[in-house]
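A.B. asks:
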């Protein structure tokens, strides 16, 4: 470390050509004035990026540069350095190799930190360089969930006793659920799992039992990623803790249950829907994260653009009729409905909803939660709403004949009704309602439009690069021939997108407007394919696939995503 003892950060960066002596002088003055590290001054002044700073230190000091988000950190190495020391010196242990402990540091010139880690770990140290963002993210991830798992395992015996006490208290009804075991190792573990999921932008958390293992996975941008594997011995305690928070029966493990709870994580108020289902290896639990700060209710920003957007706008100004939004679970149907309601929400309109559950609260709109215990179902709730003098009604989902009939009758009596269905495309909604025993003449008179949608991942803007498409990709994008030569975009993978090449999602849409010729087809009981062909030929309906193709050509997504989300027409 002789080189490290003699050099200062500024000298190293000037020698590397990363900054000039003049820039260093100004940065040193700012450092003295504001009393913050020189590296942060240079980054805030935009003289250097974090990566450039780390690479310059790596080159000049001959320490390897490590991209912490591209490697797996050894848990045995993590246990060699405690969290306080890691945070204090901005370093993270990465590996153990040939009896040496490899650490990644933001400031490899900090020889006192290296000496302290050497003494505390009892091992020789190999120094590597990493960015501050990467180091702090790794500390949060590996000392957060990993440390919580370790603490929970160590206290498992005490925890089992507490779980019995919780069960007894619950049965006696002595305390409200929220007051139970507010601060135990398992409670801290649950908090860390939730925090990491929200920080990573997950929409769902899966706690999955296996044969001798427990797996925790996050769904990020529609795709599942493994987050951690707590020991099987923690599984029951972990699931019981979440059940307590969600006001579910912790003693019932053989039947599916549903619940929910809200939690404050930093400045964010998060609501979670919880579902359990028994499997051969134990209870499987899924938590749906409802983050109000991420709710996008602007229809255009959701991906509804061009002709599709214009058609939906025209549907929403109709005085009455049924507008359906269709797609599988998790395709953004509720968000689209909320966007439509926000556009319709004016002081002159009385808007009512019946939902299961109410995912987001919309100011100025009266929302009712389905509650079977109080005899509030979609059917009873919708009948009640009809007596509340509504102009517009939103029904969370049409699931059965009774709900469908009341929705159609509401439209025929002068109300605008918005709802969702589970169908593969827009024309399929007509067939689905026919299956629910709605007469064709009622459908033809009430349905004014159907919006089918999917969510497709968007290319990460930080690592997007152009490339020349292959012949196979051109055939996919131009199925009728006559391909247009040019470039497409793809994500190379970076820290911002966790090496996936994607960041965020956007909708692809198919809007079927029920015109006179479509009504005639409905009246005669035409097949969905005939309705679809007529809508395309006579009205230029853009299919889900074609809207996806348009977004690929616009550099928003990729052919790979197009094939994952949509079928060829």
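Residue numbers (our numbering): 442 to 1010.
Glycine residues also receive a C-beta, built at the ideal position from the N, C-alpha and C atoms.
Does the beta-carbon distance from residue 885 to residue 964 come in below 8 Å?
C.D. replies: Yes, the Cβ-Cβ distance between residue 885 and residue 964 is below 8 Å.
A.B. asks: Can you tell me which of the three DSSP states residue 466 falls into?
C.D. replies: Note: residue 466 maps to helix in three-state DSSP.
A.B. asks: Just checking my contact of residue 997 with residue 952 at CB under 8 Å: how many whole Å lie between their CB atoms?
C.D. replies: At roughly 18 Å, the Cβ-Cβ gap does not stay under 8 Å, so residue 997 and residue 952 are not in contact.
A.B. asks: So, with DSSP's three-state summary, where would you put residue 506?
C.D. replies: Of the three classes helix, strand and coil, the one that applies to residue 506 here is strand, per DSSP.
A.B. asks: Of all the options 879, 974, 897, 555, which has the alpha carbon lying nearest to the alpha carbon of residue 842?
C.D. replies: It is 879 whose Cα lies nearest to the Cα of residue 842.
A.B. asks: Taking only runs of the alpha helix (DSSP H) that begin and end inside the segment 647-735, which ones reach a length of at least 4 residues, in chain order?
C.D. replies: Counting whole runs of 4 or more residues, the segment 647-735 contains the alpha helix (DSSP H) stretches 676-686.
A.B. asks: Helix, strand or coil, according to DSSP, for residue 495 in the structure here?
C.D. replies: Helix, per DSSP.
A.B. asks: Between 883, 863, 767, which has its C-alpha nearest residue 848's C-alpha?
C.D. replies: Comparing Cα-Cα distances from residue 848 to each of 883, 863, 767, the minimum goes to 883.
A.B. asks: Given the structure, does residue 508 come close to the ligand NAD, in the sense that its CB is under 7 Å from one of the ligand's heavy atoms?
C.D. replies: Ligands are entirely absent from the displayed structure, and the ligand NAD is therefore not among its contents.
A.B. asks: Which value, in whole angstroms, describes the spacing of the CA atoms of residue 804 and residue 641?
C.D. replies: Computed Cα separation, rounded: 28 Å.
A.B. asks: Report all residues from its chain with a CB closer than 8 Å to the CB of residue 702; omit the five preceding and five following residues, and keep chain order.
C.D. replies: Cβ neighbours of residue 702 beyond the five flanking positions: 686, 687, 688, 712, 713, 715.
A.B. asks: In chain order, which beta strand (DSSP E) runs of at least 3 residues are fully inside the segment 799-857?
C.D. replies: DSSP runs (the beta strand (DSSP E)) wholly in the segment 799-857: 807-810, 833-836.
A.B. asks: In three-state terms, what does DSSP make of residue 758?
C.D. replies: Of the three classes helix, strand and coil, the one that applies to residue 758 here is coil, per DSSP.
A.B. asks: Work out the CA separation of residue 901 and residue 690 for me, nearest whole Å.
C.D. replies: Their backbone Cα atoms lie some 42 Å apart in a straight line.
A.B. asks: Going by alpha carbons, who is nearest to residue 909 out of 894, 931, 899, 919?
C.D. replies: When each option's Cα is compared against that of residue 909, the closest is 931.
A.B. asks: Buried or exposed: residue 531, going by 16 or more other Cβ atoms within 10 Å of its Cβ?
C.D. replies: Buried.
A.B. asks: Between the segment 568-587 and the segment 543-559, are three or more C-beta pairs nearer than 8 Å?
C.D. replies: Enough Cβ pairs lie closer than 8 Å, so yes.
A.B. asks: Which word fits residue 982, buried or exposed, when buried means at least 16 other C-beta atoms lie within 10 angstroms of its C-beta?
C.D. replies: Counting Cβ neighbours within 10 Å, residue 982 comes out buried, since at least 16 surround it.
A.B. asks: Using C-beta distances below 6 Å, list every residue in its chain close to residue 648, excluding the 5 sequence neighbours before and after it, in chain order.
C.D. replies: Within the same chain, residue 648 has close Cβ partners 657, 726.
A.B. asks: Do residue 946 and residue 1003 have their C-beta atoms closer together than 8 Å?
C.D. replies: Cβ distance not < 8 Å, so residue 946 and residue 1003 don't count as in contact.
A.B. asks: Enumerate, from N- to C-terminal direction, the unbroken beta strand (DSSP E) stretches of 3 or more residues contained entirely within the segment 858-931.
C.D. replies: Counting only runs of 3 or more, we get 888-900, 905-908.
A.B. asks: Return the Cβ separation of residue 922 and residue 745 in integer angstroms, given the expectation that the two are a contact with Cβ distance under 8 Å.
C.D. replies: Rounded, the Cβ-Cβ distance is 29 Å, inconsistent with contact.
A.B. asks: Given a threshold of 16 other Cβ atoms within 10 Å of its Cβ, counted over all protein chains shown, does residue 914 qualify as buried or as exposed?
C.D. replies: It is buried - the Cβ of residue 914 has at least 16 other Cβ atoms within 10 Å.
A.B. asks: Buried or exposed: residue 614, going by 16 or more other Cβ atoms within 10 Å of its Cβ?
C.D. replies: Residue confidence for residue 614 is low, a pLDDT of 45 falling below 50, so the modelled location carries little weight; the figure read from the coordinates is stated next. By the neighbour-count rule (16 or more Cβ atoms within 10 Å), residue 614 is not buried but exposed.
A.B. asks: Which residue's Cα is closest to the Cα of residue 466: 452, 476, 793?
C.D. replies: The shortest Cα separation from residue 466 among 452, 476, 793 belongs to 452.
A.B. asks: In three-state terms, what does DSSP make of residue 950?
C.D. replies: Strand at residue 950.
A.B. asks: Considering only the alpha carbon of each residue, which of 519, 832, 501, 654 lies closest to residue 533?
C.D. replies: Comparing Cα positions, the closest option is 519.
A.B. asks: To the nearest angstrom, how far is it from the Cα of residue 771 to the Cα of residue 828?
C.D. replies: Between residue 771 and residue 828, the C-alpha separation is close to 32 Å.
A.B. asks: Tell me the rounded alpha-carbon separation between residue 528 and residue 577.
C.D. replies: Rounded to the nearest angstrom, the two C-alpha atoms are 8 Å apart.
A.B. asks: Would the segment 968-987 and the segment 855-867 be scored as touching if the rule is three or more Cβ pairs under 8 Å?
C.D. replies: Enough Cβ pairs lie closer than 8 Å, so yes.
A.B. asks: Between 559, 472, 501, 753, which lies nearest to residue 459 when the distance is taken from Cα to Cα?
C.D. replies: With distances taken between Cα atoms, residue 459 lies closest to 501.
A.B. asks: What does the alpha-carbon distance come out to for the pair residue 644 and residue 553?
C.D. replies: Their Cα atoms are separated by approximately 42 Å.
A.B. asks: Quick check on the DSSP output: the alpha helix (DSSP H) that includes residue 1018 runs from which residue to which?
C.D. replies: There is no way to answer for residue 1018, as the model of the chain reaches only from 442 to 1010.
A.B. asks: For residue 769, which of helix, strand or coil comes out of DSSP?
C.D. replies: It is coil, neither helix nor strand.
A.B. asks: Just mark residue 718 as buried or exposed, buried being the case when its beta carbon has 16 or more other beta carbons within 10 Å.
C.D. replies: Exposed: under 16 other Cβ atoms inside 10 Å.
A.B. asks: Buried or exposed, going by whether 16 or more other CB atoms sit within 10 Å of the CB of residue 760?
C.D. replies: Exposed, by the Cβ-count rule.
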